[in-house]
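Just so we're aligned: the sequence shown equals residues 13 to 138 in this note's numbering.
In this text, a Cβ means the ideal position worked out from N, Cα and C, and glycines have one as well.
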Amino acid sequence: MPAGTLYRGREGMWSWVAHRVTGVLIFFFLFAHVLDTALVRVSPEAYDTVIQTYKTPLVNLMEYGLVAAILFHALNGLRVVAVDFWSKGPKYQKQMLWTVVGVWVVLMAGAFYPILQHTLTSWFGK
Numbered sequence: 013m014p015a016g017t018l019y020r021g022r023e024g025m026w027s028w029v030a031h032r033v034t035g036v037l038i039f040f041f042l043f044a045h046v047l048d049t050a051l052v053r054v055s056p057e058a059y060d061t062v063i064q065t066y067k068t069p070l071v072n073l074m075e076y077g078l079v080a081a082i083l084f085h086a087l088n089g090l091r092v093v094a095v096d097f098w099s100k101g102p103k104y105q106k107q108m109l110w111t112v113v114g115v116w117v118v119l120m121a122g123a124f125y126p127i128l129q130h131t132l133t134s135w136f137g138k
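What follows is the structure, given as structure tokens:
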């Protein structure tokens, strides 16, 4: 496969950027998660304060964003594997990208209320 085959065209460039950005976001989440979990051994009171902060609507929106990042990164990663290891992958990469985007949108729409239920209830009532 010639160099650059995977990321030809505008869609390929944006999928490359989105894959890297979501990977970095996931890394920073995991780093913060390890730190806040370790906080319980240093100061249980500070840990409880941090956990209370996590129950705010803003953080709940960030959780939805985290799910979006993880889901896109995983689906696009499977597409990249298919392009790399399936002999017809490069030929169908654009179609696979739009399939990834479609599946991602459907799954994120389905996750909207279950994840954001607490925030939506606190903003708009039951």
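State the DSSP-derived secondary structure class of residue i, mapped to helix, strand or coil.
| i | result |
| --- | --- |
| Pro56 | helix |
| Gly35 | helix |
| Ser27 | helix |
| Tyr76 | helix |
| Trp98 | coil |
| Gly122 | helix |
| Gly89 | helix |
| Thr61 | helix |
| Lys103 | coil |
| Gly137 | coil |
| Thr49 | helix |
| Thr131 | helix |
| Thr111 | helix |
| Leu70 | helix |
| Pro14 | With a pLDDT of 49 at Pro14, under the threshold of 50, the predicted position of this residue should be treated as unreliable, and no value is reported. |
Return yes when the Cβ of residue j is within less than 9 angstroms of the Cβ of residue i, no when it is not.
| i | j | result |
| --- | --- | --- |
| Gln129 | Gly24 | no |
| Phe84 | Trp110 | no |
| Val112 | Leu87 | yes |
| Ala80 | Met108 | no |
| Trp148 | Pro69 | The requested residue 148 is not part of the displayed model; the chain covers only 13 to 138. |
| Asp48 | Val62 | yes |
| His45 | Gly89 | no |
| Val95 | Pro102 | yes |
Below 8 angstroms on the Cβ atoms is my guess for residue i versus residue j; work out the distance and round it to an integer in Å.
| i | j | result |
| --- | --- | --- |
| Asn72 | Thr131 | 4 angstroms |
| Ile127 | Tyr76 | 5 angstroms |
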